[in-house]
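Structure first, commentary second.
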Amino acid sequence: MVQGEKEDIRIKFSRLRNYIRQPHIIISLVLLLLLLFIVLIPFIKMVKDSFIWHFGDTRLSRSARPGSFTIFHWRRILASQITRNVLLRPLLNSLSTALGVSFFALIIGALLAWLLTRTDLPFRRLLATLAVLPYVIPSYIHALAWLTLFKNDRIGGAVGIFQYFFNLSPPNWLSYGYFPIVLTLSIHYFPYTFLLLSASLSSIDSRLEESGEILGATRSYILRRITFPLVIPALLSSFILTFSRALGIFGTPYFLGSPVRFFTLSTQIYSSITNRIPAAGYILALMLVAISSTVIYINQRIIGRRKGFVTIAGKGFRASLTPLGRLKYPALFLVVALLIISVLLPLVLLVWQTLTLYPGDYSLDNLSLLFWIGRGNTEFAEGEAGILRNPAIIKAAWNSIKLALTAAVLSGFIGIFIGYAVVKGRNTKLANSVEQIFFLPYLVPGIAFGALYLSLFTHRIGPIPALYGTFFLVALVCIAKNLPFTGRAGITAMLQIGNELEEASEIAGARWSTRFRRIILPLSIRGALAGFILVFITVMRELSLIILLVTPKTRTLTTMTFRYQEQGYTQFSSAISVLIVLIVVVGELISRKMGKKSII
Amino acid sequence: MKKIIFILLSLCFLFSIILIAPAIGQKEVAEGLSPETVAWLKSAALGDYASETFDEAALYEAAKTEGEVSVYSYSSRVFKFGPTFEEKYPGIKVKGFDIDSPEMVTKVLAEQNAKNYMADVIFIKDPSVVVHELLSRGLVFNYVPPDLKGLIQKDYREPLLVHHTSVDALIYNNEKLSAPPIDSLWDLTKDEWRSRFLFPDPQKMSEFVEVLAAIIENSAGMAADYKRVFGKDIVLSPGVENAGYEWILRTLNNDLVIMASTNDVSNAIGLSDQANPPVGMTAFSRLRDKGKNPNLKFDVMYNIKPVIGVGTKVVICIANQAKHPNAAKLMIHWMMGDEKGGNGYAPYYVLGNFTVRNDVTPVKGSRSMEDLNLWFADPEFVWDEGQKILEFWVANLK
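If you're matching them up, the sequences are chains V and C in order.
Quick note on numbering: numbering that gives the first Met the number 0 labels position 438 of the first sequence as 437, and the sequence is numbered without any gaps.
Quick note on numbering: numbering that gives the first Met the number 0 labels position 229 of the second sequence as 228, and the sequence is numbered without any gaps.
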């Protein structure tokens, strides 16, 4: 009896050993551990920090003892005279903004996707390339461009172009607040829906629709009952992406909302933390996480039920194009107009603004290159040199590039491991949990994610020194936040590599490290590069995520833009924004070239 | 398998909790100074060990061996007095950092907590926070160059050396209007100034909490002026404590426009060729912008009752355990300028900033501070009341 039990344990133990010795299991476990550090621990720490007194809190209450437990902050946010203006109204504003943005971005993106994949619209290929561009431009650029165009005299000073030329002051609702925030963010976010839906639409076999037609269904009936249900999963995914991004966005509501006292949770988090009441900021960040998790949970439930369509079968496949007929050229006009408004116009406006000597004067004799190449001995903007000569800005540019590259390379690399672990362990619980858990950083809205890291790394934790103020911390937050992208890219890349390749070399006696270095990495690098580029672009134009974490040493171009805009030096902030777009475009061109060369 | 993963995960979890736990009880700063601090004060000749005489040559020699000095400055003007310092004292490199005041406090607290002593000179607004959160905990120390002691009155030397007084005042567009359109703070609560009174955001700029605090501390003066303007005693809204708070409430209800910066306020009001320019509060020193931009036309309203504005202090001190104390002392001496203003003080020798030295002639075109009708923010009152004022402000934003 006893003998048998011992045997049993031995067998179990050796099974366990064998199980754990599989490379993808080890990788999965390491990844889970990593995740613990980059998401879970910061989260727990933030919850805890919302329950303790901080140093600055002695201003709030004489009984504050830094470090000890209190529910003061929760009571202050949830039930005090400031609750309405710090929590309730911002919460409502955040929700309605995110929903509004999702609604319009989905409509614009879906329509565009249908026009460019399923109709005979001319120049479809070119237009499809251009349609992704609004995403490349930092989102607050649209906000700054909007102000350039529609700023009215409520906040006095230099008026917008509209008022300059038409001598008519735009009403407040048009210049600031909900309407422009939703509009500019929709323009920024529609490429998500466009990309996802284009992919989904082009994989629908048009014979499904044709069979409906043969059975006598009308066009609208087919669209409603056949096409639409097929793309619902893609639509819902687009909704998640857009919603959670829009929820955590900081720059746009800050620039466009403040003049009319339109606050969102993200702007309140920022103001609590800059006011040195971090616990209040953490509580609001938790609210943000709660909202996005709830919405995404509901969304997942709906997708889960809808998942069962297989439209790509092993049979012949054909996608026929719907002729637009007389609507062809009006549609083309609309698409081109949309792209001009969302890409060309903001950039032209910004460039124009950087060239005006006195803000708000758009006449030709007011043009100057001072803010680009001025030597800074002038009386403008406290005598700061033009951005191409300004050491602080050049340093910020290097910081930005360094940050974007570091984040792109490291998170891209981790992404390959995620892909390997998930694909090799396909359908096991462990692999599934790795896949799901790595989506977590996506659920946490940008500014809340920054708050998480702020709470964890302001102080020393065991052997880890206080990372606040270091480049490493800013890089870490960018890496972690982008893992969902690179993980996805890694999985896609890994799915395309047949198991037999690795097995063959395993039989030939190659160690795992050799296999990984010589077979898996070279084969997956191309796919991973897609994630790499995406992360580079995302980090290059990131503001919400890092605004709470940068310090003078680690300032990036985006935070410099923010600083200048806040101090009222619009030409500088516009010029830096233009510089960001230039770097992103150059970066993408280079990485495309590199990508082509490194393909074996 | 599931069990194993579960066990592994919970182990990690436990591990992480243990890891975090010590960080939660942030170390209480002990009463009195630590032995390390006392030793540093001795070697740096600060605090109780400060020298009674100022020997510039000896200080320079000592500073040269230190080689550099890092200055945390609330303003980008550190990039002006830094280079002139380097010219005057070759061999000492100035590392200037332009950091907003609240962020600087966070940074200094974090660095001191981590024993990562990066800062030498701290040049900062918001004296109430500096005194109560840094000075009282022994994280910064006061240094008054001994040769200046006789030239600076006591309340500008204690508890911290004041670099200059900055004034925030009401301005108007003097191109459109030949005279100030109002003569009392209470005029701003009248319907004709609805949506036309610009005020910088106190949630962002702590000096405007100080401005509001001064108005509240002097609520008796506010009440008296209400009576002068409206001819009757003020009736406070329910739950409002005094005439100062009442003024804040009424201006907010009159759609006071919140601005992002003092620069925005002066640009908004001063821009040439406006049909109906607003009025607003901004830094007095914004007057200097007029010389730079011919399109700016504004001036301070010198005759507003009960006051035209509020004076706030900018202080300067040395961080605990600073690695370059001698260079820091030399820097502070440099920043305080000389009897003609001086190169080190030059960036602040402008209209609207007032030196604390009594031997310096006022800037050309400037009135002396005594001639201006001002209230001064009291750091103790700001410390006691500041957050309450800010919450009152936030609660009443419509």
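Where is the CB? At the ideal position from N, CA and C, for every residue including glycine.
- Contact note: leucine 146(V) does not reach chain C at a C-beta cutoff of 9 Å; the least C-beta distance is about 12 Å.
- The C-beta of glutamine 152(C) has fewer than 16 other C-beta atoms within 10 Å across all chains shown, which makes the residue exposed.
- Rounded to the nearest angstrom, the gap between the Cα atoms of glycine 66(V) and alanine 279(V) is 15 Å.
- Counting only residues of its own chain and dropping the five nearest sequence neighbours on each side, tyrosine 225(C) has a CB closer than 7 Å to the CB of Trp185, Ile233 and Ala242.
- Using a CB distance below 7 Å, the part of the stretch 467-481 of chain V facing chain C consists of Tyr467 and Gly468, ordered along the chain.
- Out of Glu86(C), Asn172(C), Glu51(C) and Ser100(C), the CA that lies nearest to the CA of asparagine 274(V) is found in Ser100(C).
- Residues of chain V with a Cβ closer than 9 Å to the Cβ of phenylalanine 96(C) are, in chain order, Thr550, Pro551 and Lys552.
- Membership of tyrosine 59(C) in the alpha helix (DSSP H) is indicated by the continuous run 55-65.
- Residue-level contact by beta carbon fails for proline 22(V) and chain C, as no gap is shorter than 8 Å.
- Put simply, of Phe71(V), Gly486(V), Ile506(V) and Ile301(V) the residue whose alpha carbon is nearest the alpha carbon of proline 440(V) is Gly486(V).
- Shown in chain order are the members of the stretch 248-272 of chain C whose Cβ falls below 7 Å from a Cβ of chain V: Val256, Ile257, Met258, Ala259, Ser260, Asn262, Asp263, Asn266, Ala267, Ile268 and Leu270.
- Put simply, the backbone Cα of glycine 279(C) is about 23 Å away from that of threonine 147(V).
- Residue Phe196(C) holds the alpha-carbon nearest to the alpha-carbon of aspartate 152(V) among Gly81(C), Phe196(C), Ser135(C) and Pro82(C).
- The stretch 520-538 of chain V makes contact with the stretch 391-408 of chain V; the number of CB pairs closer than 8 Å reaches 3 or more.
- By the criterion of a C-beta distance shorter than 7 Å, isoleucine 225(V) is surrounded in its chain by Leu207, Glu208 and Gly211, once the five residues flanking it on both sides are discounted.
- Collapsing the DSSP output to three states places serine 100(C) in a helix.
- For chain C, the residues of the stretch 560-581 of chain V that bring a beta carbon within less than 7 Å of one of its beta carbons are Glu565, Gln566 and Gly567, in chain order.
- In the three-state scheme derived from DSSP, where H, G and I count as helix and E and B as strand, glycine 310(C) is classed as strand.
- When beta bridges are read from the DSSP output, leucine 295(C) appears opposite Leu270(C).
- Leucine 581(V) counts as exposed, since fewer than 16 other C-beta atoms from the protein chains shown sit within 10 angstroms of its C-beta.
- A residue is called buried when at least 16 other Cβ atoms come within 10 angstroms of its Cβ; tyrosine 220(V) does not meet this threshold and is exposed.
- Distance between phenylalanine 96(C) and tyrosine 296(V), taken at the CA atoms: about 45 Å.
- In the structure shown, leucine 331(V) falls within a helical segment according to DSSP collapsed to helix, strand and coil.
- For leucine 120(V), no beta strand (DSSP E) run applies, since DSSP gives it neither H nor E.
- Taking CB atoms only, lysine 328(C) has no neighbour in chain V less than 8 Å away.
- Counting only Cβ-Cβ distances below 8 Å, serine 177(C) has no contacts in chain V at all, with the closest Cβ about 20 Å away.
- The contact set of proline 101(C) on chain V, defined by CB atoms closer than 8 Å, consists of Thr273, Asn274 and Arg275 in chain order.
- DSSP places leucine 146(V) inside the alpha helix (DSSP H), whose first and last residues are 138-149.
- Three or more Cβ pairs drawn from the stretch 233-247 of chain V and the stretch 276-295 of chain V lie within less than 8 Å of each other, which places the two stretches in contact.
- Counting only the Cα atoms, proline 483(V) lies some 52 Å from glutamate 245(C).
- Proximity of chain C to serine 257(V) at the Cβ level (cut-off 8 Å) is accounted for by Asp200, Ile257 and Ala259, in chain order.
- Per DSSP, reduced to three states, the secondary structure at arginine 75(V) is helical.
- Between alanine 395(V) and chain C, the shortest Cβ-Cβ separation is not below 8 Å.
- Chain-ordered listing is empty here: chain V has no CB closer than 8 Å to the CB of asparagine 342(C), the nearest sitting near 16 Å.
- A contact is defined here as three or more CB-CB pairs under 8 Å, and the stretch 19-31 of chain V fails this definition with respect to the stretch 71-81 of chain C.
- Linking lysine 552(V) to threonine 558(V) through their CA atoms gives a straight-line distance of about 12 Å.
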